[in-house]
Structures are given as C-alpha cells and as structure tokens.
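First residue of the sequence shown? That's -3 in the numbering used here, and the numbers climb one at a time after it.
We put the beta carbon where it would ideally sit given N, CA and C, even for glycine.
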Amino acid sequence: MKRVVIGLLGTKLDAGKRADRWNHWRPSVSLCQHEDLLIHRFEFLYPQKYLSLAETVRDDIRSVSPETEVILRPADFARPWDFEEVYGTLHDFSREYHFEPDGEEYLVHITTGTHVAQICLFLLTEARYIPGKLIQTGPPKREGKQDPGFFDIIDLDLSRYDRIATRVKQELQNDISYLKSGIETCNADFNRLIVQIENVSMHSTEPILLIGPTGAGKSRLARRIYELKKSRSQLSGGFVEVNCATLRGDQALSTLFGHRKGAFTGASQDRQGLLREADKGMIFLDEIGELGLDEQAMLLRAIEEKHFFPMGSDRETESDFQLICGTNLDLQTRTQEGKFRQDLYERINLWTFYFPGLRERREDIRPNIQYELEQFARKQGTLVRFNKEAQEDFLNFAMSDEAKWTANFRDLNNAIIRMATLAPGGRITREVVEEELGRLRRKWNKEGHSGILEQLLGAERIASLDLFDRIQLTEVLQICSTARNLSDAGRILFSVSRQNRKIFNDADRLKKYLARFGLQWSDLDVGR
C-alpha cells in the first residue's frame, strides 16, 4: 500500500535557500528523511506567492528521498487566521481530491502552517473528509543533517477514544460532586439542576441568579462555583460575599462601590469597595432583592461596563468581576411593584436557577446527615455516630410533614451539631434525639406564631417596625392565639401589673396596644 502525505508549506519552518539550510530542522524535508517511514507521494499545499520556496523544498525532498513524488498544489488564504476561509479552502481540496483508501494510506502533516490551518486539518480528518491519520513531527534534541527528529502518527478512529471520553465524563462527575460538596444527593430535580449549573458555570461569564429560601445552600454553592472556576484558571481574583439586606443608604453605596475621603460624614479615608475587591474574581450578592434602587442603577452599569464611580469621586474605577446573585424574593413581582429595576432584573435573569428547600428534598436528608457528621468530626476531631434506633427515630421525624425545616439546611446543621455535642461516648442515642426533636418542635411552633404577624401586617409593614416592637408584638399575638377572648388574653398579659390596680381594664389596655399597629381583636381570628 502506498503512503501519501498531505501537508502545508511552512513558510517559516521550511524556509531557507542557502547551503546552511541543511543545518536546520525543516519539518517537511525532515519528514521524508526517516528510514522507517517511506513516503511515496507528498501532496504539498502552498501559497502561490511562496512558489519559489515550495520548489526549493520539493527539490530538497527529492534529494533526500528519491522515492518520494512531490506534487505542488496551490492553496491561497487571503486571511490565514480566518477560520471560515481556511476551513473552506481546505474543505474544497478534500472534496475535489480523489482518495483511494483501498490502495493508499494517508497521513496529514499538522506540524506546519498556522494554528488555524492545523486545527482545520484536524477537523477535516476527524470528520473523515480526509480518510487518514494525523502525523506530528518534531526537531531532534541536537540539530544536524543526519538526525531528522521524531514523528508520531495519531489515529483518529473514535473507537480508540473511549478512554478519553470516560476521562472527560469522570471530570464532569467530579465537578458535579464538588458543587454538591461530595454529598450523594438523591433528588432527581436537584441533581439535574446541579448539572445545568456546572455547565453554565464552566462555559459562561454572565451573571447567575439563584432563587430559593433562606438556608437552602445558595451561599455555599456560590463559593463552590468560584473555587471550581478558579481551579480551571478561569478566575484569578478572590471571592467576595455580601448580604444586601444589611446595606442601607450611604453604607450600601460605600460598601459596594467604595468612596473617597470626605464623601460623607465619617468617611475619614478612601475605601475601594467590594466590587473593586472582586476584580478578576467573583462577588456573591445575597438577598439582592433588598438592594436600594440607587444601588441597583449603579450595579447595572458596573455589570455592563465594568466601570463605576466611587462615592465622592469624579474618576471611574474599573473592576472585571463575575456575579452571582441570590434571593428568596419574587423579583418579577418586585419589578411590577417598582421595588426592583426592570432593566437590572433582565440583566441578571439570563441564567436563573430555583434552589429547592429541604422540605422539597426529603430524600436528601439522609446523605446530608452523614455529611454534617463528617463536618463535625473534621472541626472537632471527634467521630460521632447514631445508634441504629436513634437514627431511625430522627429520620422518621425529619422526613415527616411534622418537620417544618423553616431554616432548611441551617436547621439540620444545627440539629446535628447539638446532638453530636451532647452524644455520650460519641454515640447519638434515642434520648438525645428525643430531646432535640423537642427543641425543633418548640422552635417551629414559635415561628408559626411569627407567621401570624406577617399575615396580619405584611412583610413591608413589619420591616418598618423596630426589632423591639416586632418581638413584643409576636409574643402578644402568641398569647392571643390561645386565649378565648380579649379579656382572657388581657388577664394573662397583665397578670402582674393588674394586682396593683383597683380597676381592672386589661381588655382595654390590650385593645389600645393592638390599635397602635392597626389591629383589632377580630383580626386575630387568623391566629386562633
């Protein structure tokens, strides 16, 4: 069977017309000098303006390998770095060339030519437009006329790439497992979600929006995404996390965008801001729905232009950051209410993922318990395990409708830490579990009463109250929800002070207290 090479003239590597050209390694010539690689024909593609050089190389090949027939074939690229043009020219050659695979073996030389041309030859060979194998050559360790260097023949038969495909698949599984913190989750919807997030994270630099309840793991996932991208050299800067719900007014602008000395009262020195700190890295803006409208406008410009003005400065600051946002609010509804900018929402809504809470992933409670115990052992240096009966008791409760998991994985994490800490001899017993279940029931029962407050006043009104008033009103409503009438609730709430009164006006006092918040006793029927 005849061996045929298809290759490109290397206008630099193959160059040379003087006698000293033989002192240098020239790929096309050296390819034909290998005693164990007899080449019968060389289909030599060259730009027409380099015809003289191509003829010199042809003559040199004939001198070192008289058995080799060199066929010069013009192949011009007006823009040799344009993929479409180069591929089109080489594709035309492959379609017009008369291949005889039954009688000839074809080798495609990918050492010469531009990187674009080499890639195009690879693609044409892989797609079997050129029914051959690739051949790669390299120079000798010490240049000389007698040493042609080395060559490697690469067979693109896809059946030989099973190991590569397996390796790529394993790397994907490793990435997915990393994003899940190594937890073998069972929820099918959640697993599909993580696969999508991994794909987007590795192939996009656009903002990602994670929507889900507090404690569902949005913050941990954001950091994992950052660490994964940094391990692939996609990021070189740091990871910055900020809870937008804690930012108000000048503090919000200063925290995010920085300020110059004297920009406002208390600005005693310059501050670069968190967006600048995230340059070349990633920033996670948790609870972005709580951000003020002014900050939203500046953030939009920073996302789109990578430039912004620090407070009190007339000079722009630059920061090339990647953004992940988190929220437990319905941002679309907030845009309709005028509380969130429509243009910002559209900008961060390209890749939006809903992150389910623990109650929606009950089948993942078991593997997460194991994970939390491993985390406890790593931090405390103490290995703790459940007794079999104790584990069954906890799992039966955890996966039942009685378990509210209002704080999601934070509730579960705290429960495991408490039980592991109190476990006698490193074993969580049924007694320890029963005590913990009592804590959780009391917590969720109390939170249930707090839910009455939100139903009666609404989230916006509650946000306008001092923490003192919210706590006090919640306790009052808790008592009212168990009382038979207004007077009964008043007697319980004022049981101490009423002893010093001659006239008992408990009901009136409670009625006036509720009126301060626009509430009447009849409104409390929702609680009872």
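- Within the segment 455 to 505, the complete alpha helix (DSSP H) runs of at least 4 residues fall at 455 to 459, 463 to 476 and 482 to 489.
- Residue pairing by DSSP places Val66 opposite Phe38 in a beta bridge.
- Taken atom to atom, the span from the alpha-carbon of Arg512 to that of Asp465 is near 11 Å.
- By the Cβ rule, the segment 339 to 351 counts as touching the segment 200 to 210, because three or more pairs are nearer than 8 Å.
- Taking the C-beta atoms as reference points, Ser483 is found nearer than 8 Å to Ala503.
- When the five nearest sequence neighbours on each side are left out, the beta carbons in the same chain lying within less than 7 Å of the beta carbon of Asp275 are those of Gly233, Ser315, Asp316 and Phe317, in order along the chain.
- For His199, there is no enclosing beta strand (DSSP E); the enclosing alpha helix (DSSP H) has its first and last residue at Ala184 to His199.
- Thr331 and Leu340 have their C-alpha atoms some 9 Å from each other.
- Here DSSP, grouped into helix, strand and coil, assigns Lys375 to helix.
- One Cα belongs to Val112, the other to Pro306, and the distance between them is close to 43 Å.
- Runs of alpha helix (DSSP H) with 4 or more residues, each lying fully within the segment 371 to 439, are found at 384 to 394 and 405 to 418, listed in chain order.
- DSSP assignment within the segment 236 to 284 yields the following whole alpha helix (DSSP H) runs of 4 residues or more, N-terminal first: 245 to 253 and 270 to 273.
- The continuous alpha helix (DSSP H) containing His111 extends over residues His111 to Glu122.
- Taking each of Leu130, Lys226 and Glu312 in turn and checking the Cα distance to Gln268, the smallest one comes out for Glu312.
- Lys176 carries a coil assignment under DSSP once its states are collapsed to helix, strand and coil.
- Nearest C-alpha to Trp401 among Gly211, Gln230 and Tyr102: Gly211.
- Taking 4 residues as the shortest admissible run, the segment 331 to 372 contains the following complete alpha helix (DSSP H) segments, listed from N- to C-terminal end: 338 to 344.
- Boundaries of the alpha helix (DSSP H) harbouring Glu291: Leu289 to Glu301, taken from the DSSP string.
- The Cβ atoms of Pro352 and Gly178 lie no closer than 8 Å to each other.
- Look at His105 here: in three-state DSSP terms it is strand.
- Counting only the Cα atoms, Ser493 lies some 21 Å from Trp517.
- Closest by C-alpha distance to Thr242, out of Leu287, Gly213 and Arg256, is Leu287.
- Contact between Val66 and Phe89 fails: their C-beta atoms lie close to 16 Å from each other, not under 8 Å.
- Judged by beta-carbon spacing, Leu175 lies within the 8 Å limit of Ile190, meaning their Cβ atoms are closer than that value.
- Setting aside the 5 residues that flank it on each side, Phe260 is surrounded in the same chain by Asp246, Ser250, Met307 and Gly308, each with a C-beta closer than 8 Å to its C-beta; the list follows chain order.
- 8 Å or more divides the Cβ of Ser491 from the Cβ of Leu520.
- Asp72 sits in coil when the DSSP states are folded into three classes, being neither helix nor strand.
- Relative to the Cα of Thr108, the nearest Cα in the group Glu122, Glu398 and Val25 belongs to Val25.
- Nearest neighbour of Ala485 by Cα position, chosen from Met(-3), Arg505 and Asn496, turns out to be Arg505.
- In the three-state DSSP reduction, Gly3 falls in the strand class (E or B).
- Taking the Cβ atoms as the reference, Asp282 lies roughly 7 Å from Glu237, within the contact range of under 8 Å.
- Nearest to Ser173 by C-alpha distance, out of Leu217, Leu5 and Phe146, is Leu217.
- Between Val53 and Leu5 the beta-carbon gap is near 7 Å, inside 8 Å, which marks them as a contact.
- DSSP, reduced to helix, strand and coil, places Phe79 within a helical segment of the structure shown.
- With fewer than 16 other beta carbons inside 10 angstroms of its own, Asp78 counts as exposed.
- Apart from sequence neighbours up to five positions away, the residues of its chain that approach Arg355 with a beta-carbon distance below 7 Å are Trp401, ordered along the chain.
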